[in-house]
Every structure is written in C-alpha cells, then in structure tokens.
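The structure appears right after this line, and notes come after that.
Residue numbers (our numbering), protein chains in the order written: chain B, 8 to 377; chain W, 48 to 318; chain Z, 21 to 334.
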C-alpha cells in the first residue's frame, strides 16, 4: 500500500467532458514523484485535487491509508509551492515563512526555533526582514520553499515551481530541491511541463496527456521503453526520430527510403502484417562505419554544440536528427554515411501508437548497468 | 519626444486661460471672503483684507457644530462603505457558491435605482425608526454601495488566487484571510474608495436637508444654505467665508489624493 | 466474523460520509458567501429595493400628511400628472437641462483633459486646478454662482455692463434661469469628468502614439484616429454618469432658483421634493418618482445597447 493512493480518480467540470480520467496511481513514502505533460494535460488539476483545492469528481484518494476526498486542504497535512510562489506581498520574509505556523497557532518558541533552522538551511538568514518585492526571483523561490519546509508536513506538492526562473538558476534549484527532499525525507509530488526537469529530478515519472496516464516509471525506463508514441516523442531531447516502416521479405523498409536487412532471429511473428512505426534516438545514429545498415544521407542542418554535433537529414517526409559526439566539420549539403541498426530501434504499432518492442540494445545496457 | 517651442507656448497659453476660467468662481469667492462688505457691494477692488467675515460666520452660526457633524457623518459613511463593500467584494472574488452570479446582477441593478426615486419611503422609514435628527439616519442608508463593491472587486481580482490557496493549505479561514491578507494587500484601493466616499458624503445635500430639522446633527452643507438664506441681501463676505470653510476639507483631500482618485475611478468605471 | 466486520466498515463508512460531508461543505460555503454579502444586501433591501416598491405602491394612493395611504386611486395620480401643465413644464425643463449640460460638460472636460495630458513642466498644477471643482460641494458651488449671477453686484453682469451690454436677470428671467443653472452644473461636474477622462487618456498605450509619429501623423489625425477611439470606453462611462447626474439635479435648484421663475427650473427631483415635502402629496410625488426611475432605467439600457455596438474596447 502506497503512502498516497489514487483509485480511478476523475475530474469533470459541469458534469461534461472529463479533464482527467481513470487515474490509478500509488506513490511511496519518501518518493520524488514527477507529473509531467504538455499544458492542458490535466497535471496541475490532478495536483490541486491531491491538495484539496479542487473537488474530486470521481474515485478515491487516500493519503497515509485514510480517505481524504472530503477533507479541506489544511487537514491533509501537506505543503505546497506555487508557480508564482504565492508570497504575501505585505509581509516580510519572516512573516511569510511563519504564516502557516501562525495560522495553526503553534507556540512562539517553537515558531522561532523552526524559523531559524529553516532560514539557515535555505540561506535566508540575512533576508528575514525584507519584503518579497525586494528579493530576486531565486530568493523568492527559496522563501516559498522555506514555507513548505517549515510546515514540517511530510508531503510536499510543487506546481511548476521553477518555470519563472532563468535557465541557469533553474538548473541550480533543481539540484537544491532534490537534495532538500532527500535530506528531509519528504514525499514529493512535482508538476512540470519540462521533461528535462522530470528526467533529472524524479524517482519516478508519470506522463500525462489529455487527462489520461500515458506511462508511469523510472526516468530511464521511460526513455528506453516508452510505452507509446506520445511518451517516445515527449521524453528526451532531441526527440526520438520516428518513421513509418514495414517488413518486406527480410528487409525493413523505413519511409520507403531506408532498406535495412533484418536477420531471421529478429523477425518476430508479432511484426508480420502490421503497420509499424520505428523510433530511434539521435545518439543511436552514429557516423557510419563499414557495417550493415549504413545509409548515406544529405545534411540539411548542422548544430554545433561544442561537445557534440547535431546533424539533421530528411527521411522521406520526416526530419531526423543524429547526435555525434565531438566536433564534426560537416556542412549543409554534405553527404555523410550514418548507421541505422535494428537493435537500436523501438517498434510501435501505427494504429494504436503502443510499443511493440523496445530497442534490444537498451535491454543489454541495463544488464550491464546492474 | 520634445515639442517645438511654438507649440509649447500655445499649450501653456490655452492651459492658463482655461485654468483661470475654471478657477475664477472659487478664486473670487476666496477673495470676497476677506473683503469688507462695502467693497463687495460697490464692486470695487478690495481696500483691505481681514478675517472679520470668518469671525462673524463662526460667531453668528454654530459652524463648528455643523463642521463636526459633517465630519462624523462623512467618516461614518466612509468606514461603513469600506467595510460593507470590501466584504461583498471578497465574496464575489474569493468565494464560490450557488447564486453568486445572480446576487452580482442584483448589485448591478442597484446602480439603476436613483436614490432620489426612492426618497419618499426612505424618509418615512427613517422617521418611523426615530432616526430624524440622528446620526444613523444620515449615515446608515449609504453604507451599501455597488460602485464601491465593483471598485474593490476589480482590485481584489488582481490578488493572485494562489495566495488564497496557500492560506487554505496553511489552514486559515476566509474571514481571517480577508482581514490579514486581502485588506492589507488592497490598502491603496481602500484609501481611494475611502477618499471618494468621504468626498461624496461631505458634499451630500438633499438627504441631510430632509432628515435634519435642527442643529443637533445638521451638516455644514445645510448650514451653508441657512447662512445664505438669512444673509442673502446684505453680507456676501460672511456667506463666502462660510462657503470657503465648507470646501476646505474636501479640497485638501482632493489635492492629496488626486492621483489615487483618478486611477481608482478609471479602474472602477471602465473594466 | 468479528475480525472481518470492522474491515468492511472502515472501507464502507467513509464512502457514505464523504458525500454528505461534501453537501455540508456546499451549504457552508453558501452560508459563508451570504454572510459576507448580508450587510450590503440587508441595506440594499431596506433602503433601496423596498422603498422602490413602496414608491410604486404609494403612487396608486392618496396619502395623508404623514404619508399613510388613505384612498386607492388606481392610475389617477399618473393621469393627473400627465395632464398637469406644471409636470409638462418640469419634464420639458429636465430634458432641456440634460441637453444643455451633458454635451457641454463632456466637450469642455475632454478639451481640458487633452490639454492636461501633454507632458509639460508644471502640468500637475493645471491638473489640480481642473480637478478642483470636484471638491466643491453643491451648496458651496451654488453660493459662488449665486453671487456671480447676482443682478446688481454680480460679477457676470458687471462684465456685461463693462462691455456696454444690458445686464440680465440670470436667475429671475424665465429665458435665462435654466441656462444659469446649467452653467453652474457644468462647472460643478467639470472636475469629476475631467479626472476620469484624464485617467482614460493616460491609460492609452504610448506605443500607439510613437508608431503614429514614425508614420508622420499630425496632431489632429492622432487625436481623431487614436485618442478618441481608444478613449471610447471612458467616454461611454462619463456620458452615462453625466446624464444620470443631470436627471438627479437638486441642490443647485434649491439654492439658486427654488424651481422658479415660472417653474422653468422645476426639474424632476426638485418637483418630487416639492410635491412630497412641501405639498405633502406623497401619492403624486411617488408617481413622479416612478417616472424618474423609468427614465433612468431606459437611459441605462439605451446606453448599454448603443455602447455595445459603438464603443471600442481593447
């Protein structure tokens, strides 16, 4: 039994179309759980339902074994950090941090002690007398975090807390939040639309689209074995290259452009008579050596990132990207060999979009890692 | 962007002429309030300026009493309006309940009922309550204000909903949130509405005329009318000094709060 | 058996509870909302809605001097009112008064606001002067103008005489009295109208002007094509307020003319006041009050209908 359990949770406004549907989920104590999805996917709504800020239209929500559907937010023993931080503009940092403790009528001595500890931990000790408008974005963010920390609630909810920060600060805060969560042993539910944030922070990730769970799992599992095309393209940057494919005799033909030999042991019965979509990650398209499956392509765009080089080329109607380590002096229009191997491909059913088989190379790598 | 000098001169010219015309009636009254009656009657330039008219006005009329009454009435109405309209605006912005939109429509509807159209029964109500010549009779009917509610509602809507949610998670109730967060955060708009409320209540005329029959709670506006009717033909200097005294508090308020009022009125009016 | 029963209860009971808890919560939020609105609703009820219906009720009766109904007369009050030449005069004066004051107030205030919207040194001083009449009460303003219109020592007649014209009995001549009251009213309302229009002007995005400057637009072109259209919501508001104010005019009349001469300044609110509180004819006064209410209602509705179509909202 998880610390937080969602059973067939759904949400609809005015009894009309569902914003969320059939959400079943368990979150363990001390877990950093990320809800990720494009805007409008219902991830914030789900978080707000857990917080008690939105009514639950259907299903059961349990926290720590108790049904809490009907409880107001304050009785759910949780803290929340908002995207705009929700700092009270007329109160000082100190008063902001203590706001919740004051509302809960905790005695002054305890308040003082917890304030000093938290301020120390968050590096806010020198800012306690300032008003929010006198703080930088990063400092405000810290105050918002401090407010969550000081409450001592075992569950912390965060709704896109980093999206108002610039890129550099965001990278720092990612690490900081993650460390804080581990240190305090918090159970964290973290909403973001940024898959990088999801990948780097989450113990587990839930991908949500159109109010329906797409996949739940560890970051690497989502990356290697995306359960459908949505997850495949949503997780990972640059996104997974996709192409329609079919089996012709013992060859795999992708977008009518690439013909890749397909040896017997790899031909599976489940591939027969099906419209396939193959997906291959950019880092799995290396510069072609003389081996099977080398294709020559014409470069349409080059991005030099310094430590790696992104090369784009057309495959039928699709634009694919390959990621090569190091600096490659190639230009637009050059024809280069690339290697496309079947073992690096994920296979999806074109009709349902669901995964048929993940890349076999990733399975091997996992074995190596263990 | 800089303006050519000729255009500048034109603008200053137009501004000065307009200012002179607009301000002339008040300016004349101000000068007259220091003039001797003989000079006023003959229309000559003032030979001497003195405070005699003011002294006379205070001596012959219970002006101080009237001023005090006006202050009490205007402040009571201002506070009443601030409390009632901020409570109502809070409900319209932060509380979601059945029938809220209908009630909001009802508030809009009140703007279409001129007070003058319901003044007869109102007079009878006040009389039956025994509130004639009483402060409540002068103030209570004006506590509820749709305009004030809209102005504050507009302002409260700019308070992020997350503040309310954060306080809900912290376990703070609605009334406390209203008191501890909404009112302090919306301080400036409360001041604006307060200034506007004070200004309009201080300047009220018809209702105090009806609901006061003696000096106990009579406001300074009605006092001025009495001063004018009794002194009409003879002493314009005294009348003018009375009028100047009447407008001093509101003028000060206006000069201090002009920017605020402008912003508040535009916001409350347009959106 | 004993072991399993509590288990079942623990999963079943909360299920039932939470529906009824939800309902209770809905009732509680409703009660809370009403509680916040109660003071306003109560006062609106007692001092606005109830009196409005009471006015309608009274308008079908004759009353005694205490305002108690004596005889039900049906529509007699209305019929009598519409047949009365005094009421005709009152309606005519009221509409004329609106016609005199509303356009003039707005045009002058707009002119002042456009002037005062320029970024010039010392503009704050001029703005304060133009706003100043807002702080002057009806009583004080009327007293100022009572002097200005004074037949013998008044400032205006003084000027007329200086330029060799005959002096005018501003407040005693039926031809001029309404105009004199209108002038006073325009002056009084100038401050408020100016302030609101200035606020409207200042909220127009300066980028619009800058891009027009790049296109080389002239001052009047900008005024016509940017300022006025962008100001239309404010203008719309100001027109509505000024019209309604004009219909509610009372204090100026009471001090300047008392409705005279020959009832030419007996505007509707003054007429109601006189009928009710001088003549104690509460029935007929109520009928007039209903007319006032209907006029303002119609005005508001027309304003909204026209406003929707004509006004340019961003």
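Where a beta carbon is used, it is the ideal one built from N, C-alpha and C, also for glycine.
May I ask you to report which of helix, strand or coil DSSP gives residue i?
i, result
"residue 27/B", "strand"
"residue 168/W", "helix"
"residue 190/Z", "coil"
"residue 18/B", "strand"
"residue 77/B", "coil"
"residue 65/W", "helix"
"residue 241/Z", "helix"
"residue 115/B", "helix"
"residue 303/B", "strand"
"residue 184/W", "helix"
"residue 153/B", "helix"
"residue 308/B", "strand"
"residue 87/B", "strand"
"residue 53/B", "helix"
"residue 318/B", "strand"
"residue 131/B", "coil"
"residue 328/B", "strand"
"residue 69/B", "strand"
"residue 111/Z", "helix"
"residue 282/Z", "coil"
"residue 206/W", "coil"
"residue 319/Z", "helix"
"residue 121/Z", "helix"
"residue 253/Z", "helix"
"residue 144/W", "coil"
"residue 378/B", "Because chain B in this structure spans residues 8 to 377, residue 378/B falls outside the shown range and cannot be described."
"residue 173/W", "helix"
Does the beta-carbon of residue i have 16 or more other beta-carbons within 10 angstroms, so that it is buried, or is it exposed?
i, result
"residue 87/B", "buried"
"residue 113/Z", "buried"
"residue 167/B", "buried"
"residue 172/Z", "exposed"
"residue 89/W", "exposed"
"residue 108/Z", "exposed"
"residue 85/Z", "exposed"
"residue 161/W", "buried"
"residue 255/B", "exposed"
"residue 186/B", "exposed"
"residue 94/Z", "exposed"
Give the residues from the stretch 190–210 of chain W that approach chain B closer than 8 Å (Cβ to any Cβ), ordered along the chain. 207, 209, 210
Can you confirm whether the stretch 191–205 of chain B touches the stretch 32–52 of chain B when touching is taken to mean that 3 or more C-beta pairs between the two stretches lie within less than 8 Å? yes
What are the start and end residues of each continuous beta strand (DSSP E) run of 3 or more residues lying completely inside the stretch 27–109 of chain Z, in chain order? 81–83, 89–92
Please specify which runs of the alpha helix (DSSP H), each continuous and at least 4 residues long, are wholly inside the stretch 237–307 of chain W, giving them in chain order. 253–258, 267–278
Does the stretch 156–174 of chain Z come into contact with the stretch 269–284 of chain Z, if we say contact requires no fewer than three beta-carbon pairs (one atom in each stretch) closer than 8 Å? yes
Using 8 Å as the cut-off, can you tell me whether the stretch 231–242 of chain Z makes contact with the stretch 286–301 of chain Z, which would need three or more C-beta pairs spanning the two stretches below that distance? no
Using a Cβ-Cβ cut-off of less than 7 Å, list which residues of the stretch 39–62 of chain Z approach chain W; keep chain order. 49, 50, 52, 53, 56, 57, 59, 60
Decide yes or no for the touch test of the stretch 38–46 of chain B against the stretch 164–184 of chain W: beta carbon pairs closer than 8 Å, at least 3 of them. no
Check distances from the C-beta atoms of the stretch 216–243 of chain W to those of chain B and list, in chain order, the residues that come in under 8 Å. 216, 217, 218, 219, 223, 228, 231, 232, 234
Mind listing which residues of the stretch 136–148 of chain W have their C-beta closer than 9 Å to chain B's C-betas, in chain order? none
Inter-stretch contact at 8 Å, needing at least 3 Cβ pairs: the stretch 39–56 of chain Z / the stretch 139–148 of chain W: yes
The stretch 160–171 of chain Z: which residues have C-beta closer than 9 Å to a C-beta of chain W, in chain order? 160, 161, 162, 163, 164, 165, 166, 167, 168, 170
What are the start and end residues of each continuous beta strand (DSSP E) run of 3 or more residues lying completely inside the stretch 137–212 of chain Z, in chain order? none
Is the stretch 86–102 of chain W close to the stretch 204–211 of chain W, with three or more CB pairs under 8 Å? no
The stretch 64–84 of chain B: which residues have C-beta closer than 7 Å to a C-beta of chain Z, in chain order? 74, 76, 77
Just list the alpha helix (DSSP H) runs in the stretch 203–268 of chain B, keeping only unbroken ones of 4 residues or longer that don't cross its boundaries, in chain order. 226–231, 236–241
Would you check if there are 3 or more beta carbon pairs closer than 8 Å linking the stretch 8–22 of chain B to the stretch 53–62 of chain B? yes
Closer than 8 Å is the cut-off here; do at least three beta carbon pairs connect the stretch 263–273 of chain W with the stretch 58–70 of chain W? no
What are the residues in the stretch 169–181 of chain B lying within 7 Å of chain W by C-beta distance? none
Three or more beta-carbon pairs under 8 Å between the stretch 234–243 of chain W and the stretch 166–173 of chain W, yes or no? no
Any 3 or more C-beta pairs closer than 8 Å across the stretch 135–148 of chain B and the stretch 93–110 of chain B: yes
If you measure beta-carbon to beta-carbon, which residues of the stretch 115–149 of chain B are closer than 9 Å to chain W? none
Can you find at least 3 beta carbon pairs, one from the stretch 112–125 of chain W and one from the stretch 186–193 of chain W, that sit closer than 8 Å? yes
Scan the stretch 104–142 of chain W and note each continuous alpha helix (DSSP H) run of 4 residues or more that stays entirely inside, going in chain order. 110–141
Would you check if the stretch 258–267 of chain W and the stretch 212–227 of chain W touch, i.e. whether three or more CB-CB distances between them fall below 8 Å? no
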